[in-house]
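J.: There's a structure below that I have some questions on.
Number of protein chains: 2
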Amino acid sequence: MSPEPLSRARIIRAAIALIERDGADAVSMRRIAAELGVGVMSLYNHVPNKAALLNGVAETVLSEIEFTDDPGAYWTERVREQARAFRRIAHHYPRCTMLVVGRKLPATAALPPVERALATLRGAGFDGQDAVRIMRMFIAYVVGSVLREVRATPAFVDEEFPPAETDLSLFPESAALAPILNRNDHDADFEFGLELLVRAVAFLPRGRGAASPASAPVGRHDAENVDEHVTEPAAGPASGGTGG
Amino acid sequence: MSPEPLSRARIIRAAIALIERDGADAVSMRRIAAELGVGVMSLYNHVPNKAALLNGVAETVLSEIEFTDDPGAYWTERVREQARAFRRIAHHYPRCTMLVVGRKLPATAALPPVERALATLRGAGFDGQDAVRIMRMFIAYVVGSVLREVRATPAFVDEEFPPAETDLSLFPESAALAPILNRNDHDADFEFGLELLVRAVAFLPRGRGAASPASAPVGRHDAENVDEHVTEPAAGPASGGTGG
DNA sequence: ACCTGAACACCGTTCAAGT
DNA sequence: ACCTGAACACCGTTCAAGT
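First to last, the sequence lines map onto chains E and S.
Note that this note's numbering has the first sequence beginning at 17, numbered continuously upward.
Note that this note's numbering has the second sequence beginning at 17, numbered continuously upward.
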């Protein structure tokens, strides 16, 4: 039935296809085996157990990130592009996304993106500690964003918010903003937050002895010498973020 | 064996206890029933199925958020406290966290925190569209952060990063920053990003006709009139974020 | 080395029967 | 209205047997 021999890679590919077709809940060793035309137990010659297989799925999906950032581009744009690259695989494998963000990834899969992010931030002048924290902040934002996107999608029509039976007088802001809350322009939302993050990072002092932001919360004086840090060539108005 | 009658609430409480004790994978209808000293099928008189039960778990956990922000406090501090409140329940129910962030919550559970956040941001002068987007940005950041924290915790000792077999010359930044990458000061990391986000938002223009950040990426000129937007009374150096 | 069927200890849920 | 045991169609994984 299958010309190619069974292998870890082939099993993982079948698992990914199955998850994208029928959802993560539908994946089972028996079903994957059936899909491949082999006995269930044959899988265990290439994968120790189901958890390891799912780790392989996460690893494989993550490894397929296609980074499009140009090493010669200004660092803020590189950061944006790296964040967008993560988001793209989440869109390419929507039903695997929970799996990718939900399990502890093998370090080898995480290493290349991490190295790229750190190199970009170090090149921008941040010290090691700040570079690591800034990277983690971006990852947290991207992970939280794609999670919201794949979670909102499963049903055809979004549940209305606030729910119909709600006493709206208790939630006046939500009531007033219902049309906005029910609109889901994921691209625009993502770009809005991304730009805010990039901007916050660009305003951060750099170089030796740079202060962490927590050392002077929302200080009004940091703005005074901000020009010396923001050296990106002036850009025209951005796309507005609906281009994904 | 159990004096109190069976009820949806009691079943959910048992499920939460079970998840926190044995992990989310260990939860099953049969095990919850055994824990309650009833037959499996008795559960179905109060809960339509397992998925609904898990939704109830997510809803209940979320409803236990204790907001500590003072409505009279400056809005930036209110935003910080709301973000910290979310993070606190994730720490209180670490093994339920994936469940809470991973499923589409019943809108009734999400409504009170949403209303509070929107009221805070509207009170700060943001228009409805910006308020919604800023809120979503904070939620994405908090969700991504707690996900990282609960994911990193299961094993006693963190896997070393980069992995031992790696050719370090290919990943110089990761190699140089290995000590920092392997340190996991979740409190400090979280506060660092939170402060950066708050700062970015505080610098955002407000009022009618306020521009979205994407309309002028990392503009160097926004800094000039920033003082008029940042009116929080000057604060002393913050704790540094290790107080959680 | 790789494959496999039978078997074991689990699942969620339907159904029909009880009170 | 609430509870329940038996039954059904599934699970992941161990084991012993094949090639």
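We treat Cβ as the ideally placed atom computed from N, Cα and C, and that holds for glycine.
Could you spell out where the alpha helix (DSSP H) holding E/Gly160 opens and where it closes?
T.: Here the question's residue 160 of chain E lines up with position 144 in the first sequence. Unbroken alpha helix (DSSP H) run through E/Gly160: Gly144 to Ala168.
J.: Given that a residue counts as buried once 16 or more other Cβ atoms are within 10 Å of its Cβ, and exposed if not, what is E/Ala218?
T.: Mapped onto the first sequence, residue 218 of chain E falls at position 202. Buried.
J.: Check the Cβ of S/Pro179 against every Cβ in chain E and list those closer than 9 Å, keeping chain order.
T.: Counting from 1 along the second sequence, the entry for residue 179 of chain S is found at position 163. Result: Pro122, Ala123, Thr124 and Leu127.
J.: In angstroms, rounded to a whole number, what distance separates the CA positions of S/Asp183 and E/Lys66?
T.: Mapped onto the second sequence, residue 183 of chain S falls at position 167. Mapped onto the first sequence, residue 66 of chain E falls at position 50. So the two alpha carbons sit approximately 29 Å from each other.
J.: Are any of the Cβ atoms in chain E nearer than 9 Å to that of S/Phe187?
T.: For the purposes of this step, residue 187 of chain S is taken as the residue at position 171 of the second sequence. Yes, because at least one Cβ of chain E sits closer than 9 Å to the Cβ of S/Phe187.
J.: In chain E, which residues lie less than 7 Å from S/Asp205 when you measure between Cβ atoms?
T.: Reading the second sequence from its first residue, position 189 is the one you call residue 205 of chain S. Correct list: Arg149 and Arg152.
J.: For S/Thr124, I'd like the list of residues in its chain whose CB is within less than 8 Å of its CB, leaving aside the five on either flank, ordered along the chain.
T.: Position 108 of the second sequence, counting from 1, holds the residue named residue 124 of chain S. If we look at S/Thr124 and ignore the five residues flanking it on each side, its Cβ neighbours are Glu75.
J.: Are the C-beta atoms of E/Val158 and some chain S residue less than 9 Å apart?
T.: Taking the first residue of the first sequence as position 1, residue 158 of chain E is located at position 142. It does; some Cβ of chain S falls within 9 Å.
J.: Expressed to the nearest angstrom, what Euclidean distance is found between the alpha-carbon atoms of S/Val117 and S/Val159?
T.: Position 101 of the second sequence, counted from the first residue, corresponds to residue 117 of chain S. Position 143 of the second sequence, counted from the first residue, corresponds to residue 159 of chain S. Straight-line Cα distance between these residues: approximately 7 Å.
J.: Measuring alpha carbon to alpha carbon, tell me which of E/Arg119, E/Val162, E/Leu163 and E/Ala126 ends up nearest E/Ala68.
T.: For the purposes of this step, residue 68 of chain E is taken as the residue at position 52 of the first sequence. For the residues E/Arg119, E/Val162, E/Leu163 and E/Ala126, the minimum Cα distance to E/Ala68 belongs to E/Arg119.
J.: Within 10 angstroms of the Cβ of E/Pro178, are there 16 or more other Cβ atoms? Answer buried if so, exposed if not.
T.: Here residue 178 of chain E corresponds to residue number 162 of the first sequence, with the count starting at 1. Per the 10 Å Cβ criterion, buried.
J.: Please list, in chain order, the chain S residues whose beta carbon lies closer than 7 Å to that of E/Thr84.
T.: For the purposes of this step, residue 84 of chain E is identified with residue 68 of the first sequence, where counting begins at 1. Within 7 Å Cβ-Cβ: nothing; E/Thr84 doesn't reach chain S, min ~17 Å.
J.: Taking C-beta to C-beta, are S/Ala156 and E/Tyr157 nearer than 9 Å?
T.: Within the second sequence, the letter at position 140 stands for residue 156 of chain S. Within the first sequence, the letter at position 141 stands for residue 157 of chain E. Yes; because the gap between Cβ atoms is below 9 Å, this pair is in contact.
J.: Comparing alpha-carbon positions, which option in S/Arg149, S/Gly144, S/Glu36 and S/Leu59 lies nearest S/Arg26?
T.: The sequence position of residue 26 of chain S within the second sequence is 10, counting from 1. The shortest Cα separation from S/Arg26 among S/Arg149, S/Gly144, S/Glu36 and S/Leu59 belongs to S/Leu59.
J.: Compute the Euclidean distance between the alpha carbons of S/Ala216 and S/Phe154, then round it to the nearest angstrom.
T.: If you number the second sequence from 1, residue 216 of chain S lands on position 200. If you number the second sequence from 1, residue 154 of chain S lands on position 138. About 11 Å.
J.: Would a check of beta-carbon distances place S/Ala168 closer than 9 Å to chain E?
T.: As a working mapping, residue 168 of chain S is identified with position 152 in the second sequence. Output row for S/Ala168: interface = yes.
J.: Along chain E, in chain order, which residues have C-beta atoms closer than 7 Å to that of S/Arg222?
T.: Mapped onto the second sequence, residue 222 of chain S falls at position 206. Within 7 Å Cβ-Cβ: nothing; S/Arg222 doesn't reach chain E, min ~14 Å.
J.: Taking C-beta pairs closer than 7 Å, name the residues in chain S that E/Glu131 reaches, listed in chain order.
T.: Working through the first sequence from its first residue, we reach residue 131 of chain E at position 115. Within chain S, the residues near E/Glu131 are Phe187, Glu189 and Ser190.
J.: How would you call S/Met57, buried or exposed, if buried means at least 16 neighbouring beta carbons within 10 angstroms?
T.: Numbered from its first residue, the second sequence carries residue 57 of chain S at position 41. Burial call: exposed.
J.: List the residues of chain E whose Cβ lies closer than 7 Å to the Cβ of S/Val117, in chain order.
T.: Within the second sequence, residue 117 of chain S is the residue found at index 101, counting from 1. Near S/Val117 (Cβ distances below 7 Å), the residues of chain E are Leu163.
J.: Residues in the same chain with beta-carbon distance under 7 Å from E/Ile150, minus the five sequence neighbours each way, listed in chain order, please.
T.: Walking along the first sequence from the start, residue 150 of chain E turns up at place 134. If we look at E/Ile150 and ignore the five residues flanking it on each side, its Cβ neighbours are Leu137, Phe142 and Val217.
J.: Which term fits S/Phe172, buried or exposed, when burial requires 16 or more other beta carbons within 10 angstroms of its beta carbon?
T.: In the second sequence, counting from the first residue as 1, residue 172 of chain S sits at position 156. Low confidence applies here, because S/Phe172 scores a pLDDT of 41, under 50, leaving its location unreliable; read the following figure in that light. Its Cβ having fewer than 16 others within 10 Å, S/Phe172 is exposed.
J.: Counting only C-beta atoms, is S/Leu70 closer than 9 Å to chain E at any point?
T.: Here residue 70 of chain S is taken as the residue at index 54 of the second sequence, counted from 1. Chain E contact via Cβ: absent.
J.: Say the cut is 8 Å; is the CB of S/Ala50 nearer than that to a heavy atom of the ligand ATP?
T.: For the structure depicted, the ligand ATP is absent and the ligand set is empty, with no information on it obtainable.
J.: Which residue's Cα is closest to the Cα of S/Arg164: S/Pro87, S/Arg96, S/Gly39 and S/Phe206?
T.: Residue mapping note: residue 164 of chain S aligns to position 148 of the second sequence, counting from 1. The option with the nearest alpha carbon to S/Arg164 is S/Phe206.
J.: Do we get a CB-CB distance below 9 Å when we pair E/Arg138 with the residues of chain S?
T.: As a working note, residue 138 of chain E is residue 122 in the first sequence. So, interface residue.
J.: Please report the straight-line C-alpha distance between S/His62 and S/Ile28, rounded to a whole angstrom.
T.: Within the second sequence, the letter at position 46 stands for residue 62 of chain S. Within the second sequence, the letter at position 12 stands for residue 28 of chain S. Approximately 10 Å, taken between the alpha carbons.
J.: May I have the straight-line CA-CA distance separating E/Thr84 from S/Glu189, to the nearest angstrom?
T.: As a working mapping, residue 84 of chain E is identified with position 68 in the first sequence. As a working mapping, residue 189 of chain S is identified with position 173 in the second sequence. Spanning the two alpha carbons is a distance of roughly 20 Å.
J.: Measuring straight from C-alpha to C-alpha, what distance separates E/Arg167 and E/Pro110?
T.: One-based indexing of the first sequence puts residue 167 of chain E at position 151. One-based indexing of the first sequence puts residue 110 of chain E at position 94. Each residue's alpha carbon lies about 9 Å from the other.
J.: Along the alpha helix (DSSP H) that carries E/Met114, what are the first and last residues, could you check?
T.: Residue 114 of chain E sits at position 98 when you count from the first residue of the first sequence. E/Met114 -> alpha helix (DSSP H) spans Thr113 to Gly118.
J.: Can the beta-carbon of S/Val214 be found less than 9 Å from the beta-carbon of S/Val130?
T.: Against the second sequence, residue 214 of chain S aligns to sequence position 198. Against the second sequence, residue 130 of chain S aligns to sequence position 114. The answer is no: Cβ separation not under 9 Å.
J.: Run through the region 185-230 of chain S for me and flag every whole alpha helix (DSSP H) of 4 or more residues, listed as ranges in chain order.
T.: Fully enclosed alpha helix (DSSP H) runs of 4 or longer: 188-192, 194-198 and 202-218.
J.: Note down, in chain order, every chain E residue with its Cβ under 7 Å from the Cβ of S/Ile27.
T.: For this step, residue 27 of chain S is matched to residue 11 along the second sequence. The premise fails here: S/Ile27 is roughly 21 Å from chain E at the closest Cβ pair, so nothing lies under 7 Å.
J.: Would you call S/Ala31 buried or exposed, if buried means 16 or more other Cβ atoms sit within 10 Å of its Cβ?
T.: In the second sequence, counting from the first residue as 1, residue 31 of chain S sits at position 15. Burial call: buried.
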